[in-house]
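Here's the structure we're looking at; comments come further down.
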Amino acid sequence: MEGIGLEHFLTVSLLVFALGLYTVLTRKNAIGILMGIELILNAANINYIAFARYGGAGIDGQVFAVFVIMLAAAEAAIGLAIVLGIYQNFESIDVEATDALRY
Amino acid sequence: MSLSVVLFYSFALFTVACAAGVAFSSSIVYSAFALMGAFFGVAALYVFLAADFVAAAQVLIYIGGILVLILFAVMLTHRIGEVEVSNRSVGRLPALIVVGGVATVMGYAVRRTAWPVAGSLPDAPSTYAIGNGLLGPYVLPFELASFVLLAVLVGAIVVSRKELKDSRG
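As you go down the protein sequences, you meet chains A and B in turn. At position 13 of the first sequence the residue is numbered 523 (my numbering), and the sequence of numbers has no breaks. At position 165 of the second sequence the residue is numbered 206 (my numbering), and the sequence of numbers has no breaks.
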């Protein structure tokens, strides 16, 4: 892999992060926002693993990435449970319509 | 250009294109399937970075777990007929300004920093080292992770169950 270095992976990660941030900022649909968060977590994971490969610090980055994947799964489960609860109460998952803590 | 370089660029382009599909698609279902492509592309990049175990975990957990959960939630919260209008995005211009600013600063940092590149990991199976790490220096976060997963399991059930009406008022 001559010519492919750390910066290439960091650039891909930067683009994925920017698109995820754009998704989070513009979506009104709560599930769309969760998708944006997943993109951001993936971008962070690319960085972890790229630094683990090129930084010379052993396997630590990959272990961190495994923990991030675990927490992303937990976050998705809880987040989607909350979204379904919101949908039962409000008949909508538009984040601007759900402005009351108690229905 | 060798084959691996061509493959890297095609996977990177695929990943970014799928992420753009998530961000700009007008249908939430199309967004979900574009997200699947993005997860696959990121898994391919992990293989390029000699992270075979994390790549497999990415496919199993993200695509097999999280994406299926997201698709379930999409199907449960939308009448299929109106998915076209359900993925509205608002405030595009301020969002573009914020994202452009953040991306510019981060891109500047990526280009200008002299990253300390100290050799690269060998292209060897990483499961042995990860397993040793999880039961060695990382045993406390590992146990905490199992506790977090238990709490999430209970919490998801509590949040999503139907609330029982208390007959005594």
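Virtual Cβ for every residue (Gly too), placed ideally from N, Cα, C.
Within-9 angstroms CB hit, Ala587(A) to chain B: Translated into the one-based positions of the first sequence, residue 587(A) becomes position 77. Yes, its Cβ sits closer than 9 angstroms to a Cβ of chain B.
Extent of the continuous alpha helix (DSSP H) to which Gln572(A) belongs: Your numbering for residue 572(A) matches position 62 in the first sequence. Looking at the DSSP string, the run of the alpha helix (DSSP H) that includes Gln572(A) is 570 to 600.
At least three beta-carbon pairs within less than 8 angstroms, the stretch 42 to 53 of chain B to the stretch 577 to 587 of chain A: In this structure the stretch 42 to 53 of chain B does not touch the stretch 577 to 587 of chain A; the number of beta carbon pairs closer than 8 angstroms is below three.
Since Gly530(A) is in the alpha helix (DSSP H), which residue starts that stretch and which ends it? In the first sequence, the residue the question calls residue 530(A) occupies position 20. For Gly530(A), the enclosing alpha helix (DSSP H) starts and ends at 516 to 536.
Cβ of Ile121(B) within 9 angstroms of any chain A Cβ: For this step, residue 121(B) is matched to residue 80 along the second sequence. Residue confidence for Ile121(B) is low, a pLDDT of 49 falling below 50, so the modelled location carries little weight and cannot support an answer.
Do you know whose CA, among Asp609(A), Phe519(A), Ala610(A), lies nearest Tyr558(A)'s CA? Here residue 558(A) corresponds to residue number 48 of the first sequence, with the count starting at 1. When each option's Cα is compared against that of Tyr558(A), the closest is Phe519(A).
Cβ of Val140(B) within 8 angstroms of any heavy atom in the ligand GDP? Absent from the structure shown: the ligand GDP. Ligands present: none.
Which residues, taken in chain order from the stretch 97 to 110 of chain B, show a beta carbon closer than 8 angstroms to some beta carbon of chain A? Within the stretch 97 to 110 of chain B, the qualifying residues are Ala98, Gln99, Ile102, Tyr103, Gly106, Ile107, Leu110.
C-beta neighbour in chain A for Glu125(B), strict 9 angstroms: Stepping through the second sequence from its first residue, residue 125(B) is reached at position 84. With a pLDDT of only 46 at Glu125(B), under the threshold of 50, the placement of this residue in the model should not be trusted, and no figure is reported.
Here's a check: name, in chain order, each residue in its chain whose Cβ is nearer than 8 angstroms to the Cβ of Val522(A), leaving out the five neighbours to either side. As a working mapping, residue 522(A) is identified with position 12 in the first sequence. Cβ neighbours of Val522(A) beyond the five flanking positions: Ile556.
Contact list for Thr608(A) against chain B, beta-carbon separation under 7 angstroms: Indexing the first sequence from 1 puts residue 608(A) at position 98. The premise fails here: Thr608(A) is roughly 12 angstroms from chain B at the closest Cβ pair, so nothing lies under 7 angstroms.
Unbroken alpha helix (DSSP H) run spanning Pro182(B), endpoints: Numbered from 1 along the second sequence, position 141 holds the residue referred to as residue 182(B). Pro182(B) -> alpha helix (DSSP H) spans 180 to 201.
Please list, in chain order, all residues of the same chain as Pro166(B) whose beta carbon is under 7 angstroms from its beta carbon, the five residues on each side excluded. Taking the second sequence and counting its residues from 1, the one referred to as residue 166(B) is at position 125. Short of 7 angstroms from the beta carbon of Pro166(B), and not among the five residues preceding or following it, lie these beta carbons of its own chain, in chain order: Asp93.
Does the contact criterion of 3 or more C-beta pairs under 8 angstroms hold for the stretch 61 to 79 of chain B versus the stretch 526 to 543 of chain A? A contact is defined here as three or more CB-CB pairs under 8 angstroms, and the stretch 61 to 79 of chain B meets this definition with respect to the stretch 526 to 543 of chain A.
For Tyr532(A) versus Gly542(A), is the C-beta distance shorter than 9 angstroms? Numbered from 1 along the first sequence, position 22 holds the residue referred to as residue 532(A). Numbered from 1 along the first sequence, position 32 holds the residue referred to as residue 542(A). Taking 9 angstroms as the Cβ cut-off, Tyr532(A) and Gly542(A) do not qualify as a contacting pair.
Kindly indicate if chain A contains any beta-carbon less than 9 angstroms away from that of Pro182(B). Here residue 182(B) is taken as the residue at index 141 of the second sequence, counted from 1. Between Pro182(B) and chain A, the shortest Cβ-Cβ separation is below 9 angstroms.
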